[in-house]
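*Asks:* Here the protein sequences line up with chains A and B, keeping their order.
Counting in the working numbering, the first sequence runs without a single skipped number right up to 487 at its last residue.
Counting in the working numbering, the second sequence runs without a single skipped number right up to 487 at its last residue.
2 protein chains.
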Amino acid sequence: MAKDEKKLVEAITSRDVDFAQWYTDVVKKAGLMEYSSMRGCMIYKPLGYALWENIQQELDRRFKETGVENVYLPLFIPESLLEKEKDHVEGFAPEVAWVTHGGENKLQERICVRPTSETMFCDFYKNDIESYRDLPRLYNQWCSVVRWEKETRPFLRTREFLWQEGHTAHATGEDAEERTLLMLKVYGDFVEDFLAIPVIRGKKTDREKFAGAEATYTIESMMYDGKALQSATSHYFGDGFARAFGIQYSDKDNELKYVHQTSWGISTRVIGAIIMVHGDDDGLVLPPAVAPTQVMVIPIQQRKEGILPAAEELKERLGKVCRVKLDDTDKSPGWKFSEQEMRGIPVRVELGPKDLAACQCVLVRRDTREKTIVSLDDVETEVTALLDTIQKDMYDRAKDFMDSHISDAHDYQEFCENINTKPGYIRGMWCGDPACEERIKDETGATSRCMPFDDQERIAETCVCCGKPAKSLVYWGRAY
Amino acid sequence: MAKDEKKLVEAITSRDVDFAQWYTDVVKKAGLMEYSSMRGCMIYKPLGYALWENIQQELDRRFKETGVENVYLPLFIPESLLEKEKDHVEGFAPEVAWVTHGGENKLQERICVRPTSETMFCDFYKNDIESYRDLPRLYNQWCSVVRWEKETRPFLRTREFLWQEGHTAHATGEDAEERTLLMLKVYGDFVEDFLAIPVIRGKKTDREKFAGAEATYTIESMMYDGKALQSATSHYFGDGFARAFGIQYSDKDNELKYVHQTSWGISTRVIGAIIMVHGDDDGLVLPPAVAPTQVMVIPIQQRKEGILPAAEELKERLGKVCRVKLDDTDKSPGWKFSEQEMRGIPVRVELGPKDLAACQCVLVRRDTREKTIVSLDDVETEVTALLDTIQKDMYDRAKDFMDSHISDAHDYQEFCENINTKPGYIRGMWCGDPACEERIKDETGATSRCMPFDDQERIAETCVCCGKPAKSLVYWGRAY
Chain A
8 MAKDEKKLVE AITSRDVDFA QWYTDVVKKA GLMEYSSMRG CMIYKPLGYA
58 LWENIQQELD RRFKETGVEN VYLPLFIPES LLEKEKDHVE GFAPEVAWVT
108 HGGENKLQER ICVRPTSETM FCDFYKNDIE SYRDLPRLYN QWCSVVRWEK
158 ETRPFLRTRE FLWQEGHTAH ATGEDAEERT LLMLKVYGDF VEDFLAIPVI
208 RGKKTDREKF AGAEATYTIE SMMYDGKALQ SATSHYFGDG FARAFGIQYS
258 DKDNELKYVH QTSWGISTRV IGAIIMVHGD DDGLVLPPAV APTQVMVIPI
308 QQRKEGILPA AEELKERLGK VCRVKLDDTD KSPGWKFSEQ EMRGIPVRVE
358 LGPKDLAACQ CVLVRRDTRE KTIVSLDDVE TEVTALLDTI QKDMYDRAKD
408 FMDSHISDAH DYQEFCENIN TKPGYIRGMW CGDPACEERI KDETGATSRC
458 MPFDDQERIA ETCVCCGKPA KSLVYWGRAY
Chain B
8 MAKDEKKLVE AITSRDVDFA QWYTDVVKKA GLMEYSSMRG CMIYKPLGYA
58 LWENIQQELD RRFKETGVEN VYLPLFIPES LLEKEKDHVE GFAPEVAWVT
108 HGGENKLQER ICVRPTSETM FCDFYKNDIE SYRDLPRLYN QWCSVVRWEK
158 ETRPFLRTRE FLWQEGHTAH ATGEDAEERT LLMLKVYGDF VEDFLAIPVI
208 RGKKTDREKF AGAEATYTIE SMMYDGKALQ SATSHYFGDG FARAFGIQYS
258 DKDNELKYVH QTSWGISTRV IGAIIMVHGD DDGLVLPPAV APTQVMVIPI
308 QQRKEGILPA AEELKERLGK VCRVKLDDTD KSPGWKFSEQ EMRGIPVRVE
358 LGPKDLAACQ CVLVRRDTRE KTIVSLDDVE TEVTALLDTI QKDMYDRAKD
408 FMDSHISDAH DYQEFCENIN TKPGYIRGMW CGDPACEERI KDETGATSRC
458 MPFDDQERIA ETCVCCGKPA KSLVYWGRAY
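(1) If we ignore side chains and look at the alpha-carbon of each, how far apart do V153(A) and V106(B) end up?
(2) Can you find a C-beta in chain B that's less than 8 Å from the C-beta of V345(A)?
(3) So, is the C-beta of D11(B) closer than 8 Å to a C-beta in chain A?
(4) Would you mind working out which of D462(A), L480(A), D288(A) sits nearest T469(A), comparing C-alpha positions?
(5) In its own chain, which residues sit with a C-beta less than 6 Å from the C-beta of F83(A), not counting the 5 before and 5 after it?
(6) Alpha carbon to alpha carbon, what distance is there between G219(B) and K71(A)?
(7) According to DSSP, what are the bridge partners of A176(B)?
(8) Bridge partners for L383(B) per DSSP, in chain order?
(9) Hey, does T107(B) have any beta-carbon neighbour from chain A nearer than 8 Å?
(10) Measuring straight from C-alpha to C-alpha, what distance separates I433(B) and R465(B)?
(11) What residue from T428(A), K322(A), E41(A), F422(A) has the CA that sits closest to W437(A)'s CA?
(12) With 16 other CB atoms within 10 Å as the buried threshold, where does V390(B) fall?
(13) Using a threshold of 8 Å, state whether the C-beta atoms of C48(A) and P81(B) are closer than that.
(14) Grab the span of the beta strand (DSSP E) containing R208(B) for me, first residue to last.
(15) Taking Cβ positions, are E158(B) and R164(B) nearer each other than 8 Å?
(16) From the beta carbon of N77(A), is the nearest beta carbon of chain B less than 8 Å away?
(17) Can you list the residues of chain B that E56(A) reaches, using a CB-CB cut of under 7 Å?
(18) Any beta carbon from chain B within less than 8 Å of E86(A)'s own beta carbon?
(19) Based on DSSP bridge pairs, tell me the residues matched to T223(A).
(20) Interface residues of chain A around L169(B) at Cβ under 9 Å?
(21) Strictly below 8 Å CB to CB, what residues from chain B border V120(A)?
(22) Rounded to a whole number of angstroms, what is the C-alpha to C-alpha distance between F162(B) and K327(B)?
(23) Are there 16 or more other CB atoms within 10 angstroms of the CB of C366(B), so buried, or fewer, so exposed?
(24) Using a 10 Å radius around the Cβ and a threshold of 16 neighbouring Cβ atoms, would you call S238(B) buried or exposed?
(25) What did DSSP end up calling G313(A) once you bin it into helix, strand or coil?
(26) Taking the DSSP output, what are the residues bridged to P459(A)?
(27) Quick one: grab the DSSP three-state call for A486(A).
(28) Say whether the region 239–254 of chain B touches the region 292–301 of chain B, bearing in mind that this needs 3 or more beta-carbon pairs closer than 8 Å, one atom from each stretch.
(29) Can you tell me the Cβ-Cβ gap for A183(A) and H267(A), rounded? I've got them flagged as a contact below 8 Å.
(30) Is the separation between the beta-carbon of N61(A) and that of Q148(A) shorter than 8 Å?
(31) In terms of alpha-carbon separation, which member of D258(B), I397(B), W483(B), W29(B) lies closest to A178(B)?
(32) Does the Cβ-Cβ distance between L363(B) and A416(B) come in under 8 Å?
(33) Looking at the secondary structure, which residues open and close the alpha helix (DSSP H) in which D135(B) lies?
(34) Under the three-state reduction of DSSP, which class applies to I95(B): helix, strand or coil?
(35) Should R87(A) go down as buried or exposed, given a rule of 16 or more other Cβ atoms within 10 Å for buried?
(36) Let's test the definition: count the other Cβ atoms within 10 Å of the Cβ of L263(B) and tell me whether it reaches 16, buried, or not, exposed.
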């Protein structure tokens, strides 16, 4: 191994030694993000941004299939507007950035940089919606938002981050609830199919719900260290915002009624999930569906006659079935392998003089390191099939990992034992009292992740914290 | 004409009566933009945003073909960073929005909301670039920027607007200049091919160039009222920013050198150009290439048996060759026609009982109102051909309009006459003294738009303003 190659590989801390450091190493070494002179804000480098572009494109398509249209609302919100819905402003005001001057002049009213845009959408809908014919309104925007966090980490928590926020208005509460759950389904399917990350779908407790919402639904994914990452949320507002902002429509009988609303969002946090679910000690491992480059062709002994043209031709052919690049730089093959692995490119194709003579090439999976020798005649078919297999295997492995990191706790002692010995989620019954959530959080660091939709079985009759009669099954866990 | 239809049509001021009012009417009635409670900022409604999405997608593809990669840098710039390049801060500081508080706390240093990101890119490149192997860096970002303008108009001038800004770093000045001109070519081709808007390509005078640039190149388009709209610019910085920020690389001989840089941008202003170049008294007229909906199928007597299913089938068939919608609402056909015209949809397909019986349909061009009856058997071919024809014709008409609105002035008297009697550009020689530009601007409201690349002929030997020996031919005009 040449000196340079060693340098690249050595720089990564093992994820079993120090997971947090491993994460930072991968983010930097794979070229995903970089710190900036603006404290708490990050630079999305080409690979990090390309991941977001692929996520955006796929989700946007899925949103539009359900009738959603894109719009763009102002970055700034006047303070008086933010204050209109009481719970909402209490939730967000402490962490917003305030603009007080425009050019040389002090502003008459402070304006904040949007932390989320419910208030702007409400202000817009107030005039935009007149009759039942205007409903539903299914609008979404792709933008950045700002929350003045004290502690920040790449992708997971930064003062500015990229996301989408959908905001819809409906004639009835039933329509709005249906949309809330539909969008949660879109998110869940997307994260599982496209990012190969299994999720738990459920409802947040009141303590964990969005400021101003009647109900918040969530998808929760599990990282390699067993911690949860809330990966997308969908909120049902009832007519709370509509009453605060006066958003009314005249129905078929010409009667004035309040609309019912939803909002739903997913952010660049999910890139953090991709890293922490799939990555390994050699760096990033990207699911083929989201990988900006799916295949890297690496020529061996590329100075030998015929190798580079053959590698170029191979790249051209593969370009018809996948996103492929050719590394024809003058670095050594070993260095190229390390780079391709660090950047998580799902498949490497090696082509050297012996391969060429035998009319074959070597496919190497990033996820399992498995090597297959395939005939050059079948390479398009083989690579396509391999990418599908990798996508499926990555999901299955992540699902097995998650399933094997869920334990049940029947009482508080078992809960405390599990939280310290069994990384992952704990299933435990809950009485419905926020005081129990509070105590669990204070004493163990775990929060209620959600009340799951799919498996609301009664694993005990009493609350895992206080022992009083239980109401719901809750997934608990430490979280990002 | 039913009462409702009248209402829609009447609401538009004629563009020959009051062009400014016509513009505002079209923006609102076509559903492009809406005013918001945040003064000076606008809401991009679905049609306005969909235009931007199409522009973005096409330009992004063209950028990437030249090797550009997308990134995303922070929205905020610390004041100390903005101040590093003297000309640049003088140009922008008077019109930036200042953030002074994060949550409850006063910030130690003011930060501004980016008016443009040269300073952030420089700060990033300073660490990101080490050796000649890292060059060129060809980065771009799609984002919004903020300039605290006093007077605002939809798309043309708003406090926040959407754009892209490319920022590149090169080993030599020649490489950087080549890139500056390449990007101007990308913009010019895009605006002409895709938006069907002819442009004049040229170089800005020093007075009109970008704050901090050595040279600014521009494409200028001409609106229906004869005024110019600067539609995209590309800047060459030399090593000015590199010296201010200390961006150095080691070349092949291990010698430290400063990089040479460029930046280039296009914004949602061009949507204003689409409106003002192509629109008419019935509303928007969209070039097919950029139109979110290219064809609207409108059934006639849709309650008659067989009409709606046939219209639906027609839409499905057309969906394979273009972006098509079916208006099957219960509005009258006349109302549907008005809406389709107002929203600028290039082709309307009418299908009624008589058409169906004759196995035909009626194609109506939005731009010329021309009607053609075509066989349903050939409809895909006919519609595809018609869309191509419309795109070409719209460009040709706009080109004829521009060419017929360029006059020459040989002295100041002729200049003043032309500016008041001949809307459009004036070609006039210039001595190179900014004082002449100043005087022309003060006395006539015209500014130097550019020194054209293509037709630097000497139409006179003396400056059109002062009569001293002339250096260059300049296009002059009033501008948005």
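Yeah, the Cβ is synthetic: ideal placement off N, Cα and C, and Gly gets one too.
*Replies:* On the basis of the coordinates in this document:
(1) On the first sequence, residue 153(A) is found 146 positions in, with the first residue counted as 1. On the second sequence, residue 106(B) is found 99 positions in, with the first residue counted as 1. So the alpha carbons of these two residues sit roughly 12 Å apart.
(2) As a working mapping, residue 345(A) is identified with position 338 in the first sequence. Correcting the residue identity first, residue 345(A) is Ser in this sequence and not Val. Answer no: the Cβ-Cβ gap between S345(A) and chain B never drops below 8 Å.
(3) For this step, residue 11(B) is matched to residue 4 along the second sequence. Low local confidence applies: a pLDDT of 49 at D11(B) is under 50, so the model's placement there is unreliable, with the coordinate-based value given in what follows. Not closer than 8 Å to any Cβ of chain A, the Cβ of D11(B) fails to qualify, so no.
(4) Counting from 1 along the first sequence, the entry for residue 469(A) is found at position 462. Nearest of D462(A), L480(A), D288(A) to T469(A), Cα basis: L480(A).
(5) Position 76 of the first sequence, counted from the first residue, corresponds to residue 83(A). Same-chain partners within the cutoff: I118.
(6) Here the question's residue 71(A) lines up with position 64 in the first sequence. Here the question's residue 219(B) lines up with position 212 in the second sequence. The alpha-carbon atoms of K71(A) and G219(B) are separated by roughly 42 Å.
(7) Here residue 176(B) refers to the residue found at position 169 of the second sequence. In DSSP, A176(B) forms a bridge with R144(B), Q268(B).
(8) Taking the first residue of the second sequence as 1, we reach residue 383(B) at position 376. Note: L383(B) sits in no beta bridge, so no partner.
(9) Here the question's residue 107(B) lines up with position 100 in the second sequence. Yes, because at least one Cβ of chain A sits closer than 8 Å to the Cβ of T107(B).
(10) For this step, residue 433(B) is matched to residue 426 along the second sequence. For this step, residue 465(B) is matched to residue 458 along the second sequence. For I433(B) and R465(B), the distance between alpha carbons rounds to 14 Å.
(11) Your numbering for residue 437(A) matches position 430 in the first sequence. For the residues T428(A), K322(A), E41(A), F422(A), the minimum Cα distance to W437(A) belongs to F422(A).
(12) Translated into positions along the second sequence, residue 390(B) becomes position 383. Buried: at least 16 other Cβ atoms inside 10 Å.
(13) Against the first sequence, residue 48(A) aligns to sequence position 41. Against the second sequence, residue 81(B) aligns to sequence position 74. A contact, by the Cβ cut-off of 8 Å.
(14) Your numbering for residue 208(B) matches position 201 in the second sequence. Taken as a continuous stretch (DSSP letters only), the beta strand (DSSP E) holding R208(B) covers 207–210.
(15) Taking the second sequence and counting its residues from 1, one reaches residue 158(B) at position 151. Taking the second sequence and counting its residues from 1, one reaches residue 164(B) at position 157. Contact flag set, yes.
(16) Reading the first sequence from its first residue, position 70 is the one you call residue 77(A). With 8 Å as the cut-off, N77(A) counts as an interface residue toward chain B.
(17) Working through the first sequence from its first residue, we reach residue 56(A) at position 49. Sequence inspection shows Tyr at residue 56(A); the Glu mentioned does not correspond to that position. Ordered by position in chain B, the residues that pass the 7 Å Cβ test against Y56(A) are N77, V78, Y79.
(18) Counted from its first residue, the first sequence places residue 86(A) at position 79. So no, E86(A) is outside the interface.
(19) Numbered from its first residue, the first sequence carries residue 223(A) at position 216. Answer is H242(A).
(20) Taking the second sequence and counting its residues from 1, the one referred to as residue 169(B) is at position 162. The answer, in chain order, is Y79.
(21) As a position in the first sequence, residue 120(A) is number 113, starting the count at 1. Neighbours of V120(A) on chain B, chain order: L82, V106, V120.
(22) Walking along the second sequence from the start, residue 162(B) turns up at place 155. Walking along the second sequence from the start, residue 327(B) turns up at place 320. Going by the C-alpha atoms only, they are around 32 Å apart.
(23) Taking the first residue of the second sequence as 1, we reach residue 366(B) at position 359. It counts as exposed.
(24) Position 231 of the second sequence holds residue 238(B). Buried, since its Cβ has 16 or more Cβ neighbours within 10 Å.
(25) On the first sequence, residue 313(A) is found 306 positions in, with the first residue counted as 1. The answer is coil: DSSP assigns G313(A) none of H, G, I, E or B.
(26) Position 452 of the first sequence, counted from the start, is the residue given in the question as residue 459(A). Per DSSP, G209(A).
(27) Mapped onto the first sequence, residue 486(A) falls at position 479. A486(A) falls in the strand class under three-state DSSP.
(28) no
(29) Mapped onto the first sequence, residue 183(A) falls at position 176. Mapped onto the first sequence, residue 267(A) falls at position 260. Yes, A183(A) and H267(A) are in contact; Cβ-Cβ is about 4 Å, under 8 Å.
(30) One-based indexing of the first sequence puts residue 61(A) at position 54. One-based indexing of the first sequence puts residue 148(A) at position 141. No, Cβ-Cβ distance for N61(A) and Q148(A) is not below 8 Å.
(31) For the purposes of this step, residue 178(B) is taken as residue 171 along the second sequence, with counting starting at 1. Ranking D258(B), I397(B), W483(B), W29(B) by Cα distance to A178(B) puts D258(B) first.
(32) For the purposes of this step, residue 363(B) is identified with residue 356 of the second sequence, where counting begins at 1. For the purposes of this step, residue 416(B) is identified with residue 409 of the second sequence, where counting begins at 1. No, Cβ-Cβ distance for L363(B) and A416(B) is not below 8 Å.
(33) For this step, residue 135(B) is matched to residue 128 along the second sequence. Here the alpha helix (DSSP H) through D135(B) covers 125–135.
(34) The count along the second sequence starts at 1 and reaches residue 95(B) at position 88. Here residue 95(B) is His; the residue named in the question, Ile, does not match the sequence. Three-state DSSP puts H95(B) in a helix.
(35) For the purposes of this step, residue 87(A) is taken as the residue at position 80 of the first sequence. According to the sequence provided, residue 87(A) is Ser. The question's Arg does not apply to it. So S87(A) counts as exposed.
(36) Looking up residue 263(B) in the second sequence gives position 256. Per the 10 Å Cβ criterion, exposed.
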